[in-house]
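A.B. asks: Top to bottom, those sequences are chains A and B.
Adding 1045 to a residue's 1-based position in the first sequence gives its number in my numbering.
Adding 16 to a residue's 1-based position in the second sequence gives its number in my numbering.
All C-beta atoms, glycine included, are put in the ideal place defined by N, C-alpha and C.
No experiment lies behind these values; they were computed from the predicted model shown.
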Amino acid sequence: MKAARGICMLSCMILLFPITGCWDRVEIEDVGIVLGIGFDKPSEDMKEPSQTMAVQPIQGKNKRISMMHHFAIPKHFAAKEGGLALNNYINIVSEGDAVFDNINRLSSRLSRIPSYEHLRIIVISGELAKTFDLQNMINFLLRNTETRRTIRVMISEGKTSDIFQKKGIDSNPALKLRGMAEEFHKTLLIPPLLELGDMSENLTGKKSFIIQRVVTFGKENKLAGAAVIKGDQGRMIGWIGEKEVVGLNWLKGGNKQTGITKGVDPKSGERIVYEVRTIKSTIVPKVEAEQISFEVNIQTEGRLREDWAYPGNALEESFVKRAEQATEVSIKKSVETALAKTQKEYKVDVINFGKKLEIKYPKVWKQIKDDWDTTFSMLPIKVNVKVKIIEFGIRGTKKG
Amino acid sequence: MLVALIVLSLKDFEFDNIRPVLGDGVVPVLKGIKTSFIAYSGFEIMLIFTAFMKEPQKAVKSMMLGISVVIILYTLVVLISFGTLTVEEVKTVTWPTMTVAKNIELPGEFFERFESLFSVLWVLSMYTAFVPFQYVASFGLGQVLKKDYRIFVYATLPVIYIVAIYPRDLNSVFKLGDFIGYLALFTIIIMPLIFWVILMLRGKSVESS
């Protein structure tokens, strides 16, 4: 009995060895922290010396992708106000047949293991997004256990390695981009941020969507407009500008977005600036005798922030009414511009009207869902806007 | 733990994702019973523990209570997964609940990586779920072989370990899981039925003895 127990104990202890932890321990000095990743089309001027081209690329040249890793240099993060203008990052561009091929190739160029635990942002160049199915592009990142689904995604107009060099007032370009993505709360000019997870959800659901576009100019970069991704192809089909994005933001509503809208006072023809506090937009699908149509009701509350009309007396109710009307007209116009571009020109449903139809009329949806984008482009959409100015600041009028 | 998961995920939850409710009618829902059955297996342990209870009459009541808590939690987890990930996405990911946990992020990035906490506690709770089964297995072996059950507590360990490492790849792990689920179906429904029939046949002799 005693012996049996002893043997059992011993065997248990031996069995513990194969399951011990810490086997994948990596010292912090050996880790290369990746803060950002950029995807590009391979360019001719960047050539990584390979072993005399003995390895043939699996696919044609045009199928290869280039990747940019934005590594943080932790030491230089610490030296903040030392006066030394050292970059706290290094951008490494590679080229390969697939995403993981790119990463694998990095091993031949780095002394450290790339770690994606702290990945903040992914930027895909527009050129690449137009030719590749984005679902394959992000597939590696979604499979990887290190990467999070909350990483922000942007589309760049130029090369991503340029984007990742402008750090502005932040300490690091990748952190700047991450911060910029959040700014949609403060302006209507940029679309809501897109997380990697959301992107994947849209792509698997074959829904069209928009991604924030980042462009460089001079020493800066900025978010300007958006890239339109067609869901069933998983590719980018075009850009939209700031004007259209404003319209789409009005249509979408409910993103805790604020911003301003300029209107024109019908009486004096002068500018009126309205600051948005809340947007509530409801999309009502209607099916009457086989004809599908949508009605969008946009309700908004906000402040009157600036007016150029004289005397512009906001203490008078009639002026507030006029300002409300002016704003309504302007909102309606921007929504129509946005719809003209996305619905009529690109023929995509980026606001997800389809889901509303599916919820209310699942049977109708089943019949038309396969060719939804084309069907959608022909449907009438009615837009109603209701603006409520709830306050006008601490000065009501210019006339004494 | 699951409650924390649910609460923290509410931010990402989009009500539209779980609608339309019953868009295709009730039939597809009924079809789901078969696969979800496996998720609820494990309560067959009660068939044995009832024998040790002071008041076995109350077993049914407490079991119903336990199961209903589980049903509510599971349903909420499924709803949260659909609401945050959409139905299509849930189909594509290997571990949906884990993915939901990975999605959690509080503003300002001061709370991330909820999934590491989640998996630690998950392993702990798995352990408590596994211990009674091992006890019952050793106890049963001890009774059948007429030996002290304590020997079998150790003796079953290598067997469990070998079974656990037997699947060579991820898909065979899932297959094994499904198989165990169907085995549970056997132990929950068919085995008690057989015992009951045997008892009926021997009924009188048991009563008399």
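1. Which value, in whole angstroms, describes the spacing of the CA atoms of Ser-1139 (chain A) and Asn-1189 (chain A)?
2. Out of B:Leu-137, B:Tyr-170, B:Phe-211, B:Phe-59, state which residue places its alpha-carbon closest to the alpha-carbon of Ala-1049 (chain A).
3. Based on Cα-Cα distance, which residue from B:Leu-101, B:Ala-145, B:Val-37, B:Pro-36 lies nearest to Lys-27 (chain B)?
4. Consider the Cβ of Lys-1443 (chain A): report whether some Cβ of chain B lies at a distance smaller than 9 Å.
5. Touching or not, the segment 1284 to 1300 of chain A and the segment 1226 to 1236 of chain A, by the rule of three or more beta carbon pairs under 8 Å?
6. How would you list, in chain order, the residues of chain B whose beta-carbon sits under 7 Å from the beta-carbon of Ser-1245 (chain A)?
7. Would you verify that the beta carbon of Pro-1218 (chain A) is, or is not, closer than 9 Å to some beta carbon of chain B?
8. Compare the beta carbon distance of Ser-57 (chain B) and Ile-196 (chain B) with 9 Å and say whether it is the shorter of the two.
9. Determine the direct distance from the alpha carbon of Ile-1274 (chain A) to that of Lys-47 (chain B), and round the result to whole angstroms.
10. Our contact map puts Asn-1342 (chain A) next to Ser-1326 (chain A) with C-beta atoms below 8 Å; I'd like the distance itself, whole angstroms only.
11. Looking at the unbroken alpha helix (DSSP H) that takes in Ile-49 (chain B), where does it start and where does it end?
12. Of all the residues that make up the segment 1176 to 1197 of chain A, which are near chain B by a beta-carbon distance shorter than 7 Å?
13. Report the neighbours of Thr-1249 (chain A) on chain B: residues whose CB is nearer than 7 Å to its CB, in chain order.
14. Nearest chain B C-beta to Ser-1201 (chain A) closer than 9 Å, yes or no?
15. Kindly examine the ligand GDP and report whether one of its heavy atoms sits closer than 8 Å to the Cβ of Val-106 (chain B).
16. Mind checking if Glu-1403 (chain A) is an interface residue toward chain B, Cβ cutoff 9 Å exclusive?
17. Would you identify the three-state DSSP class for Lys-1267 (chain A), choosing helix, strand or coil?
18. Skipping 5 residues on each side, what residues in its chain have a beta carbon closer than 8 Å to that of Lys-1312 (chain A)?
19. Note down, one range per segment and in chain order, each alpha helix (DSSP H) of at least 4 residues found wholly within the segment 64 to 136 of chain B.
20. Can you name the residues that DSSP bridges to Thr-1306 (chain A)?
21. Between the beta-carbon of Val-1321 (chain A) and the beta-carbon of Gly-1299 (chain A), is there less than 9 Å?
22. Could you pull out every residue in the same chain whose Cβ sits closer than 8 Å to the Cβ of Arg-1223 (chain A), ignoring the five residues on either side in sequence?
23. Measure from the C-beta of Ala-1049 (chain A) to each C-beta in chain B and report whether the shortest distance is under 9 Å.
24. Distance, Cα to Cα, Ile-206 (chain B) vs Ile-178 (chain B)?
25. Using 8 Å for Cβ pairs, my map puts Phe-1145 (chain A) next to Phe-1185 (chain A). What's the rounded Cβ distance?
26. Can you tell me whether DSSP reads Phe-1062 (chain A) as helix, strand or coil?
27. Looking at the C-beta of Pro-1407 (chain A), does it have a partner C-beta in chain B at a distance below 9 Å?
28. So, are the CB atoms of Leu-63 (chain B) and Thr-203 (chain B) less than 9 Å apart?
29. Lys-1086 (chain A) and Glu-1172 (chain A): beta carbons closer than 9 Å?
30. Under 9 Å between C-beta atoms, does Asn-187 (chain B) make it to chain A?
31. Looking only at its chain, what residues have a beta carbon closer than 7 Å to the beta carbon of Gln-1104 (chain A), apart from the 5 residues adjacent to it on each side?
32. Please list, in chain order, the chain B residues whose beta carbon lies closer than 7 Å to that of Ser-1153 (chain A).
33. Determine the contact status of Asp-1352 (chain A) and Asp-1310 (chain A), defining contact as a CB-CB distance below 9 Å.
34. Taking Gly-1283 (chain A) as the reference, which of A:Glu-1074, A:Val-1393, A:Glu-1228, A:Ser-1379 has the closest Cα?
35. What are the start and end residues of each continuous alpha helix (DSSP H) run of 4 or more residues lying completely inside the segment 171 to 207 of chain B, in chain order?
36. Cutting at 6 Å between CB atoms, please list the residues of its own chain near Arg-1348 (chain A), excluding the five before and the five after it.
C.D. replies: Short version:
1. 19 Å
2. B:Tyr-170
3. B:Leu-101
4. no
5. yes
6. Glu-105
7. no
8. yes
9. 35 Å
10. 7 Å
11. 49 to 56
12. Arg-1193, Arg-1194, Thr-1195
13. Glu-104, Glu-105, Thr-108
14. no
15. This structure lacks the ligand GDP, and indeed carries no ligand of any kind.
16. yes
17. strand
18. Ala-1354, Arg-1367
19. 75 to 101, 103 to 108, 112 to 119
20. A:Tyr-1319
21. no
22. Arg-1165, Ile-1166, Arg-1197
23. yes
24. 27 Å
25. 5 Å
26. helix
27. yes
28. yes
29. yes
30. no
31. Because Gln-1104 (chain A) carries a pLDDT of 48, less than 50, the predicted location of this residue cannot be relied on, and no value is offered for it.
32. In chain order: nothing, as chain B lies at least about 29 Å away.
33. yes
34. A:Val-1393
35. 186 to 201
36. Glu-1320, Glu-1436
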